[in-house]
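Numbering (our numbering), first residue to last: 164 to 387. Cβ coordinates follow ideal geometry from the N, Cα and C atoms, glycine included. Read the structure below first, then the notes.
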C-alpha cells in the first residue's frame, strides 16, 4: 500500500504513522519503528496485553521483523508471512524483538481493523489519543493513570488483559472497563478523547454523545 498523510509521530519520532486508504476497514496505517529514536524510558518494555471483543485486527510486516504475542505465545513475523489476523477476543500485543534495540534494523508494517457500526471501536482517533497520552506520560515523567487508560481503551473498543487464572477474565475486564473507564471515569472528568490530540474533533464529539457519562465533554471548539 502507498504511504498516505502523516497521522502522528510518537516518542520523539520513534513511531511514525501514516494513514492509507482502505475501502472497507475502520482504519489502515503504515507504522514505522525507528530504533535510534526510541526513548530510553521504554526500551524493551512491552505494551499492555489487550483484546478487542468486536473487531478483527490485521498486521502485515513489510520491513524488518515484528513480535506479535497472542495468548501468551510470542511469534516473530517478517514480510514473508503476509497478513496476520487477530480474531476478536484474542489477548495480544505487538512490539519490536530484542535484536531491534541492538541496532539491527527498523521495522515497517501495516495495521488495520475491521469496521463495526459501534460508536466506540479501534479507529484513528483512538490511536491519536492513546499515543498522545503515552507521549505526555513518558516524555514528561508523569505517572500513567489507570482510569485514563481504561477510558481511552474502552473508547477504542479495547480492553486490558487480566491474569489467566481469573475465571471469565475477558468478560470481567470488559465489564469493569466500562464501569470504571466510561461510567465512573466520565463522572470524575476523564475524557476518552482530547482536542489537543484529536484530528477529527467532530467525530470525537459524536462518539462521546453516545454515552450519558461522557456527553458533557462533547463541546465543539473545546481546546483541552
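Check: Status (buried if at least 16 other CB within 10 Å, exposed otherwise) for residue 377; Outcome: buried
Check: Residues near residue 290 by beta carbon distance below 8 Å, same chain, minus five either side; Outcome: 170, 171, 180, 190, 192, 319
Check: Assigned secondary structure, residue 385 (DSSP; H/G/I helix, E/B strand, else coil); Outcome: Here the model assigns residue 385 a pLDDT of 46, short of 50, so the residue's position is not dependable and the matter cannot be decided.
Check: DSSP state of residue 165 mapped onto helix, strand, coil; Outcome: Confidence in residue 165 is poor, its pLDDT being 48 and thus under 50, which makes the residue's placement unreliable; the coordinate value appears in the next sentence. In the structure shown, residue 165 sits in coil (DSSP, three-state: anything other than H, G, I, E or B).
Check: Exposure label - residue 199; buried when at least 16 CB within 10 Å; Outcome: exposed
Check: Which of helix, strand or coil DSSP assigns to residue 183; Outcome: coil
Check: Residue 264 versus 233, 227, 297, 232, residue with shortest Cα-Cα distance; Outcome: 227
Check: Beta carbon of residue 215 nearer than 8 Å to that of residue 251; Outcome: yes
Check: Rounded C-alpha distance that separates residue 285 from residue 218; Outcome: 8 Å
Check: Residue 387 burial status per 10 Å Cβ neighbour count (16 or more: buried); Outcome: Confidence at residue 387 is low in this model, with a pLDDT of 46, below 50, so the placement of that residue is unreliable and no value is reported for it.
Check: Closest Cα partner of residue 388 within the set 274, 209, 380; Outcome: The chain is shown only over 164 to 387; residue 388 falls outside these bounds and no answer can be derived.
Check: Within 8 Å, strictly: CB atoms of residue 239 and residue 257; Outcome: no
Check: Residue from 371, 283, 302, 331 whose Cα sits closest to the Cα of residue 177; Outcome: 302
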